[in-house]
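Structure first, commentary second.
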Amino acid sequence: MTAHPTSPYFKDNAHEALQDEQLQKALSNVRQGFIDKRAAVAAKLPEFEALRDSARDIKNHTLANLDLYLEAWENKVTDSGGHVHWARTAEEARQAIVDICRKAGAKTVTKGKSMISEEINLNAAIEAAGMTPVETDLGEYIIQLRNEAPSHIIAPAVHLNATQVESDFRRVHTHLDPNRDLSEPVQLLTEARQVLREKFLAADVGITGANFLIAETGTSVIVTNEGNGDLTQILPKIHIVVASLEKLVPTLDDVSQILRVLARSATGQEMSVYTTFSTGPRRPGDVDGPEEYHVVVLDNGRSAMLGTSFQDMLRCIRCGACMNHCPVYHAVGGHAYGWVYPGPMGAVLSPSLIGVDKAGHLPNASTFCGRCESVCPVRIPLPKMMRHWREQEFERHLTPATVRSGLGLWAFFAKRPALYQFASNLGMKAMAWFGRDKGKFKSLPFAGGWTDYRDFPAPQGGTFQEQWKARKGGRA
Amino acid sequence: MSARDEIFASVRRSLGVNGHEMPRREAVRERIAKAPRGIVPERGQLSGEALLTLFEEQALSTLATIDRVKGRDKVPDAIADYLRRSNLPARLRMGADERLAAMPWDKTALEISHGKSDGSDLIAVNHAFAGVAETGTLIITSGPDNPSTLNFLPDYAIVVVDAKDVRGAYEDVWQRLRERDGKGHMPRTVNWITGPSRSGDIEQKLLLGAHGPRSVHIVLVE
Amino acid sequence: MADTTPTPPPRVALFATCLVDLMRPSIGMATAKLLEDAGCIVEVPSQTCCGQPAFNSGDRDTARALAEQMIAAFEGYDYIVAPSGSCAGQVRKHYPELFKHDPNLARRADAVAEKTYELTSFLVDVLGVREVDAVCAGTATYHDSCSGLRELGVKKQPRTLLASVDGLTLTEMNENEVCCGFGGTFAVKYGEISDSIVTKKAENIEDAKPQMLLAGDLGCLMNMAGKLSRRGSRIEVRHVAEVLAGMTDLPPIGVPEKETGR
């Protein structure tokens with residue numbers, strides 16, 4: 009569950025994750041699976057890079073005019089018979105959703121996969137109101153049984169293996185014959201399909217997220233592979249969409265541009281299996297579909313990001329490519345980040361939403377290798393924005409004192425070239441002398457973070473600038 | 118101040134705007150009105166047989182199956198044959214689509230029922246509004262003709278699509294839908310379906326039939 | 002008749018980078034040799050650091066002060082060349098950003114940025130060098146350091162030049178574009194995570210079974226050399242410039258003089 013961020017304990021979380029052999033094995037699936045698939049499918053579409061530019065430009069244009077697109081979209085939703093609810097905070101969003109469910113006398117509430125519902129910790133609120141929330145995305149269902157948060161924004165259970173899933177099913181599905189074989193993933197899927205089919209048919213309210221909200225038509229869009237989102241929204245009497253306000257795009261043509269880069273970047277598919285455009289409730293003559301259609305629009309700190317150096321983050325379309333390509337995510341997995349959004353996008357977004365005082369580790373725990381930015385379908389400069397957070401931390405004196413003083417000492421010398429060259433030449437000669445036998449150091453004071461894990465190569469001795477002067481002197 | 122007003126005020130404060138700027142309003146109005154096309158991949162600009170071939174290839178690559186038939190009156194036979202080949206019962210559920218209704222089902226042994234699905238149907242057939250060649254995608258619009266539940270509840274989804282309704286790119290289909298329903302208007306649901314339901318949530322292994330159909334069979338009518 | 006007007010040789014300022022200056026001067030010497038062999042006049046202006054550690058730690062004031070110092074020292078040359086994609090990337094990509102609100106310095110920063118290059122890309126892309134005069138018998142694998150690869154597009158250039166080294170065979174490792182886990186201060190601040198990343202890198206290096214590991218950035222090389230050494234590997238770790246300059250008689254990174262095995 010995601011109510012209380014453990015992001016301040018990122019280092020401890022990471023330590024635990026690195027010791028967890030099962031998790032490490034699961035993470036190797038991410039490292040191998042997503043990357044090759046994305047590369048292959050991108051290579052098959054010559055226009056892919058140009059489409060990334062196009063997607064970026066559409067989102068930039070929308071964000072610059074977000075107030076007007078929200079107005080246009082709201083009018084269209086209302087015209088088509090839907091209801092829009094505005095929520096400044098997570099609490100307001102939870103309240104709006106619980107109120108709709110209560111009014112409907114709901115008992116069972118099915119849910120499609122929605123990161124916003126994780127952000128607002130919706131399931132706890134639904135339970136507290138005496139109703140049963142049922143996650144229907146297979147991965148989300150599994151982690152709901154385990155009372156865990158998703159560890160990846162598009163593959164919530166990527167940290168688990170089939171044996172763990174089997175034991176969770178046996179624990180919760182008490183109807184299961186102990187002799188029934190569930191050792192294969194396909195058998196687990198069959199079991200989940202049967203259990204969830206009943207829930208779909210029994211649900212009174214269905215809640216989905218939205219990948220996009222379209223101003224031209226007042227439409228919400230979900231993108232899934234399982235079809236759970238569709239069963240969630242067409243079977244119950246009430247469909248509630250919960251979405252944050254930056255999901256707006258102007259037109260159907262614009263959303264088509266972005267869809268061309270979304271699945272390719274996310275799962276390496278050319279298109280996800282189900283892309284569903286929903287506009288208002290059931291129409292006269294319709295034989296299925298919901299009788300009510302509500303959209304809860306969440307701000308929760310996003311409007312304050314506009315006009316700042318973090319505005320570009322609001323382009324994010326939640327494909328997960330950044331974390332799929334991140335060496336730090338590959339090492340520690342999603343839970344270590346300690347809040348809803350892991351990986352590079354989380355390292356930028358989480359400090360905005362829960363405060364840099366809590367999430368300060370996240371933008372620091374990056375090598376700035378830049379692979380995230382190189383694959384981001386909307387070209388968010390993720391390393392640059394992590395650096396912006398580091399600047400804010402430095403300005404607010406949140407940077408650890410040891411780092412600050414080390415940096416200060418180094419800067420003192422680096423700003424004085426003559427002193428620097430004199431001192432460094434002596435220093436390197438001394439260090440080379442100490443390291444002359446082994447050519448390396450097994451431990452060094454103040455650098456345990458390095459030498460606990462690897463040797464520190466000894467310097468050759470003297471500095472290049474000194475040698476260069478000597479060479480020139482020799483020549484003259 | 119209501120939550121709505123406060124959110125709009127906050128958005129405008131951050132953007133440094135007041136919402137009354139004519140150039141901005143005009144730019145937004147024009148974008149929505151004109152819905153400019155962006156980049157349409159070259160492969161989405163084919164026509165004739167090349168277009169249909171791409172549609173077929175792309176559909177197959179999504180693990181859908183496809184039969185091509187000449188003429189609407191061949192559809193029932195083709196479906197009966199598909200069900201036989203797949204060892205499936207000769208029983209179908211469908212909506213009120215006139216194109217489907219006009220087909221000679223009575224010349225086959227298929228048992229047909231009509232209406233939405235309540236989850237008890239094994240096999241259903243819908244008629245697509247369009248097909249999109251660039252990704253082998255089927256586009257089905259909701260309504261009594263082709264109820265949305267038929268796309269998701271049965272284990273086996275059969276979708277009939279007219280060759281003349283196959284387009285290269287998504288944008289072409291939006292254009293046709295605007296012509297049918299009016300600019301700015303949408304059916305309750307537009308489903309893009311690209312292959313059978315699947316999940317990779319357990320150990321990244323691809324499994325078909327997660328919640329929706331395990332199989333999608335396309336009948337392309339020329 | 003061919004045009005025989007002689008083009009004056011370019012005056013190149015060698016920016017050794019602080020790591021090379023302090024830890025491994027031979028890389029600076031190798032860089033100078035390669036530039037001189039290619040017909041450049043090489044000079045070494047008084048230098049300390051490009052300011053990247055401060056920049057990446059969020060200390061903009063120090064980053065600006067060091068950048069200004071560097072701009073003043075280097076702006077008078079035709080080109081600025083560094084044996085590092087990371088430091089060249091800092092100047093080329095980030096100096097303009099540091100001064101974008103200061104019109105006078107922005108102009109100077111842009112000018113310096115435009116003529117700053119990573120060594121192998123300068124040799125290949127600017128000077129048109131395709132081969133070097135070097136011998137090095139053995140097999141090597143090449144790690145693409147992140148900044149050079151993704152900020153400057155350094156990928157083919159070192160391979161083009163290495164292909165001309167007499168006796169050298171290049172064997173690519175898996176995931177050669179994946180970060181080694183160095184990340185400057187990251188390697189110390191998040192040592193345990195850095196270790197996990199460099200361990201995977203070391204496995205990929207070892208699986209390629211090379212005699213040598215090469216790369217274009219000393220920070221990454223020290224990280225990988227330190228890990229390989231801790232794992233007891235005998236793979237020699239060198240900067241690509243040293244191999245291209247034929248300076249492989251020196252002990253590799255992290256190996257003492259007396260053990261020089263080659």
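Protein chains in written order, with our numbering: chain G, 9 to 484; chain P, 118 to 339; chain S, 2 to 263. Cβ coordinates follow ideal geometry from the N, Cα and C atoms, glycine included. A quick note: this is a predicted structure, and the numbers were derived from the prediction, not measured.
query                                                                                                                       : result
Residues of the stretch 19-48 of chain G whose Cβ lies closer than 7 Å to any Cβ of chain S, in chain order                 : A22, H23, L26
Exposure label - R110/G; buried when at least 16 CB within 10 Å                                                             : exposed
Pair within 7 Å by beta-carbon distance, R151/S and S382/G                                                                  : yes
Where the beta strand (DSSP E) containing R185/P begins and where it ends                                                   : 182-186
is_contact[D460/G, chain S] using C-beta, thresh 7 Å                                                                        : yes
M439/G versus A165/G - alpha carbon distance                                                                                : 49 Å
Beta-carbon neighbours of N57/S, restricted to chain G and to distances below 8 Å                                           : F376, R395, R398
In chain order, each alpha helix (DSSP H) run of at least 4 residues that lies wholly inside the stretch 157-188 of chain G : 170-180
Beta-bridge pairing of T232/G - partner residues as DSSP gives them                                                         : Y282/G
Close Cβ partners of L169/P (< 8 Å) along its chain, the five nearest in sequence each way excluded                         : R185, A250, A280, V283, L337, E339
Same chain, Cβ closer than 8 Å to K207/G, neighbours up to 5 away in sequence not counted                                   : T116, T118, V142, T144
Classification of S197/S by the beta-carbon crowding that lies within 10 angstroms, buried from 16 upward                   : buried
7 Å Cβ cutoff met for L120/S and V82/S                                                                                      : yes
L67/S beta carbon less than 7 Å from that of A422/G                                                                         : yes
Within 7 Å, strictly: CB atoms of T18/S and C88/S                                                                           : yes
Chain P within 7 Å of D189/G, Cβ atoms only                                                                                 : no
Contacting residues, own chain, Cβ-Cβ under 6 Å from Y301/G (five flanking each side not counted)                           : G90, H247, G288, P289
Alpha-carbon spacing of F18/G relative to N372/G, whole angstroms                                                           : 11 Å
Span separating the alpha-carbon of H333/G from that of R379/G                                                              : 6 Å
Under the three-state DSSP convention, the category R263/S falls into                                                       : Bear in mind that a pLDDT of 45 at R263/S, under 50, signals an unreliable position, so the number given afterwards is only what the model happens to contain. R263/S falls in the coil class under three-state DSSP.
Where Y349/G sits in the DSSP three-state scheme                                                                            : coil
Closer than 7 Å to chain A by CB, T410/G                                                                                    : Of the protein chains in the structure, G, P and S, none is chain A.
Chain-ordered neighbours of W94/G on chain S, where CB pairs are closer than 8 Å                                            : Near W94/G there are no residues of chain S at all, since even the closest Cβ is about 35 Å away, more than 8 Å.
Contacting positions in the stretch 171-184 of chain S - beta carbon closer than 9 Å to chain G                             : E176, E178, V179, C180, C181, G182, F183, G184
Three-state class that DSSP yields for E224/G in the structure shown                                                        : coil
Pair within 7 Å by beta-carbon distance, L35/S and A246/S                                                                   : yes
Rounded C-alpha distance that separates G138/G from D318/P                                                                  : 29 Å
Per-residue contacts from Q265/G into chain P (C-beta, under 8 Å)                                                           : G155, I156
Min CB distance M213/S to chain G below 7 Å                                                                                 : no
Opposing strand residues paired with W94/G [DSSP bridges]                                                                   : V305/G
M24/S: CB within 6 Å of a non-hydrogen atom of the ligand ATP                                                               : In the structure on display, the ligand ATP does not appear, and there are no ligands present to speak of.
CB contact below 7 Å: M436/G versus chain S                                                                                 : yes
C88/S, DSSP secondary structure in three states                                                                             : helix
is_contact[V145/P, chain G] using C-beta, thresh 7 Å                                                                        : yes
Same chain, Cβ closer than 7 Å to K366/G, five either side skipped, listed in chain order                                   : P13, S15, P16
Distance between P26/S and D79/S (C-alpha atoms, nearest Å)                                                                 : 23 Å
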